[in-house]
Structure formats: structure tokens, C-alpha cells
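Report on the structure given below.
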């Protein structure tokens, strides 16, 4: 089957809304070679939008990413257009205004009267139903979502969203056009949150759960997720950057759209921040204090004596690479059969499997200190530990000493089932698995969306396969059993593949 053609360069692009996002999208289209009508009802907004585009193009020239001539040509292709300006040869409309369905319907309905009959009508919405929007427009088959990420000139991802009535040819044209604009398109159905804002919810939700349960501080959660999980930013600092009002509203919107599914339940912790006006960086306070001269809280690290010898009892599953690291560190390593434990001077350590340290100790019949999953045990700078209430300090210190001997910093959490990285990754994989099961998007597009849209170190489904889908399913099953909540139910897609893996390895 021949690949669809991108929008021809002799067809103009209309961008409705001259705000930050609209101006960014207009610049992308103009740099690609299209004539762009930047439309807004406010002349002042149009002036600000064009000024933003000029400044951005000047930065491209200064950085050597564009010649002065090319930048000038691109800027000349951006035409400020008020409500009565003539629009000629338009092949694509991109709406980028306030997240209000009625306002978007009105703007696109009016624009449909002003442009060519074959023009594609698209919306940059991040949260509204493309299907519901299209149903209220004159030609729903020509309507789709075209969701850019901010800043549109820099971030490569574009979600191409198919409404219930969208013509497949429209989707194909938008995909080809996004590629021609040097973007990375992913295709999904119109569903709450599309790909990124749906699949990313556990990244925030599990951190907020740990805070609600007093199992960790924000600075500890962030340090563990960055330095053990490999994420560019921790969830608390990222929520502070996004703004708690925005992040909380998106979570609540997705939760309501999924009929109050507990997977997406908003957090009282975040609601308190919103109610207090502690919205993050933009208000000066959030999880952290951004006011002048406010100290940033330090992450408390554990210390412990380096062990003389380590016994490895059985396989360690996703943590098996630790064995080679221990040997490379010059420790004497003894390998025996067993239940998947590390033993240091009689202290048992195990990779979390979604049970609390208390429950795991009861099952083993001896105290056990749990350690967290890591993206890469060799590269990680930090590891998180947990122990049951009442565990002697010297036992925890012995466990910490094992990892400090490997050059890691060590954080102690409360007895949190699944610790931080493991429970978060398991929930991300689970959400992605459900999206595949429900036909929302392909595995490849989901992983591309999460790495390209929110800078995850690896796509969730690729991550799940890397550590083992059976491990992920076991973590979720134990979380579900421990909490007694439907929030942690295992995706049928994930269950089936975990069982297949068990059979193939049986």
C-alpha cells in the first residue's frame, strides 16, 4: 500500500489561536514551507504571536540551525489574520485555543465556512473528545486531533487522534504531514488522555500515593525516580513544573472520563496543594519552596559497612546483573540454590515483588530487607530500600552497606509495597497494556509517545519486556492483594503474555 502524501506545500495552513502553542505550531508549519495564516480575534495576541515566532527563528539562526535567509523566508510566510481576513488555498486548519468544547466548536465551525471544502479540520486539544467535537462540526469525517507538545518547535511528538467518524485518509495525510514537518507522529483513537496523558497518570499517581501514606518525602521520591529509575525528572518536581492546578485538572478529567476508575483517582495530597494555592514554580511554592533564598531539602542517605562476602541464593530475576557488579567490586560472592535472595552476614535482601517487607518476611519466615527495581543497576547512582516496622537499625545498615560498596547512594523508604520505581513502572506497563488491548494505539506508538512526549528513558512496554512481563504481573497482583483495590488489577493483555512467558520458561 502506497504511503499517503503530506499536505502539499502550495496548500496553506490555518492556525487558530496566537498564544504560545499556536505560535509554535505556526512556526513549525512555516519552517516546513507552508504559507500560514495565524488567526486570532485579538490584534494584540497576533502581534505577540508573531513576535514570539521572530524571536524563536532568530534563536535558530544564532544556534546555526537555520540561515538568516531561511528564517526570514519562514517569517514572511506567517500572515496575521483577523476575523475577516481572506484565507486562500487552505488545506489544513489547526485549532489551538482554550480547552473548552463549545469554544472550539464555534471556532472550527466558523473556520469551516472560510476555508476550502476539502480542508482538514484538526484540534490541538490535549484532553477533549475528538469524537464529540467532530460530531458537532459540518464534516466530521474531515476532523481529527493533531496534538503537539509544548514547546511545539522543540518536542518531536505529535499525537494524531482518530475520531469515530474520521476518514482514514485524513489520518494518513496528517501522519505524512507531521513527518514532513520533521515530527514524530503516533496514531491513537479518541480516548481520555489520548496516549501520553493517559499512560503517564501512574507516574504521578504512585508518587502521590507514597506521600499520602507517609512512606517517603518528595525529595526522596524524586531522587529515587531520577537516580534509580532513570527518569529525567522526579514526579514531584515535574508536577511543580507543570503546575498542580493543571496536573490535578488533567487527572480529574481522565478519572471522570473513565467513570471514576480507581486507577486514575486524584490525590488528596495534590488537592491540598491546589486549595492552598501552592501550585509549584509559578506560585513560588509546591512540593518545594521556590522563593528567593529558600533552601532545597537534602536527601537523607543511609550508610553501612561494606560486606566481606555475599551469598547469592538462586536467581535474582530483573536484578541478576547485581551479581556481576558485586564480583567486579571485589567482593567474595558465593552462589547457591535458593529463593532469590542476597545474604550479607546473615541479613537477607530481596528485590521487591510488590509485597511489603513485612509480608515478605512473614512468607520467608525471617526478616528481609527489600530493594527497588532499577533501570540499569550498573549505571544507577541510587537504590531504595525498605524494611518492616521494628527492623533493627544494624540490619538495615548491613543491607545499605552492600549497595554503598557498589558506589550507590541509598535511600530508605517506609514499608511501601512495591517501593517506588517498581510499583510505578508496573503501573505504567499495565496502563500501556490496557491501551493496546483496547485498540487505542499500537505497542510501537505507545512506546514512541512516552519517550518522545515525556522523555521516559524507555517505552513502558519495552521496559516491561526487558524486566519480564511475568515480573510486572506479579508486582501488580501483589499490590492488588495487599491493598485490596481494583486500582492495581492486572491487564488481561499483560496476564496473557505473562502466562505465555511462564509456559515458555517452564
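Numbering (the working numbering), first residue to last: 37 to 542. A virtual CB, placed ideally from N, CA and C, is assigned to each residue, including glycine. This structure is a prediction, so every number in the text was calculated from the model and none was measured.
{"Asked": "Sort 428, 407, 493, 432 by Cα distance to residue 455 and report the nearest one.", "Found": "407"}
{"Asked": "Mind checking residue 41: buried by the 16 CB within 10 Å criterion, or exposed?", "Found": "exposed"}
{"Asked": "Taking DSSP's pairing of strands, which residues face residue 113 in a bridge?", "Found": "DSSP lists no partner for residue 113."}
{"Asked": "From the DSSP secondary-structure annotation, give me the bridge partner or partners of residue 447.", "Found": "420"}
{"Asked": "Taking residue 339 as the reference, give the member of 316, 446, 325, 268 with the closest Cα.", "Found": "446"}
{"Asked": "If you count every other CB in all the chains shown that lies within 10 Å of the CB of residue 444, and 16 or more means buried, which is it?", "Found": "buried"}
{"Asked": "Which two residues bound the contiguous beta strand (DSSP E) that contains residue 234?", "Found": "No beta strand (DSSP E) contains residue 234, which is instead part of the alpha helix (DSSP H) from 232 to 235."}
{"Asked": "If you reduce the DSSP assignment to three classes, tell me which class residue 530 lands in.", "Found": "helix"}
{"Asked": "Taking only three categories from DSSP, how would you classify residue 135?", "Found": "coil"}
{"Asked": "Can you name the start and end residues of the alpha helix (DSSP H) that residue 514 belongs to?", "Found": "505 to 519"}
{"Asked": "Judging by CA-CA distance, which residue of 99, 67, 100 is the nearest neighbour of residue 89?", "Found": "67"}
{"Asked": "Tell me which residues share the same chain as residue 402 and place their Cβ nearer than 7 Å to its Cβ, disregarding the 5 neighbours each side in the sequence.", "Found": "384"}
{"Asked": "Just mark residue 190 as buried or exposed, buried being the case when its beta carbon has 16 or more other beta carbons within 10 Å.", "Found": "exposed"}
{"Asked": "Enumerate in chain order the residues of its own chain whose CB-to-CB distance from residue 55 is below 6 Å, with the five nearest sequence positions on each side excluded.", "Found": "none"}
{"Asked": "Excluding the 5 residues flanking residue 215 on each side, which residues of the same chain have their C-beta closer than 8 Å to its C-beta?", "Found": "42, 221"}
{"Asked": "Between which two residues does the beta strand (DSSP E) holding residue 370 run?", "Found": "368 to 372"}
{"Asked": "Who are the Cβ neighbours of residue 319 in its own chain at under 7 Å, not counting the five residues just before and after it?", "Found": "313"}
{"Asked": "What does DSSP give as the partner residue(s) for residue 130 in the beta ladder?", "Found": "51, 158"}
{"Asked": "Which whole-angstrom value is the C-beta distance of residue 249 and residue 534, which I expect to be below 8 Å?", "Found": "Contact flag wrong, Cβ pair sits at about 27 Å."}
{"Asked": "For residue 431, verify whether its CB is less than 7 Å away from any heavy atom of the ligand ATP.", "Found": "By its list of ligands, the structure shown contains no ligand whatsoever, and the ligand ATP lies outside what it can speak to."}
{"Asked": "Less than 7 Å between C-beta atoms, sequence neighbours within five positions excluded: which residues of the same chain meet that for residue 475?", "Found": "225"}
{"Asked": "Give every residue of the same chain whose Cβ lies closer than 7 Å to the Cβ of residue 473, excluding the five residues on either side of it in the sequence, and list them in chain order.", "Found": "527, 528, 529"}
{"Asked": "How big is the Cα-Cα spacing for residue 192 and residue 73?", "Found": "22 Å"}
{"Asked": "Looking only at its chain, what residues have a beta carbon closer than 7 Å to the beta carbon of residue 244, apart from the 5 residues adjacent to it on each side?", "Found": "303, 305, 306"}
{"Asked": "Cα-Cα, which of 111, 342, 440, 460 is closest to residue 266?", "Found": "460"}
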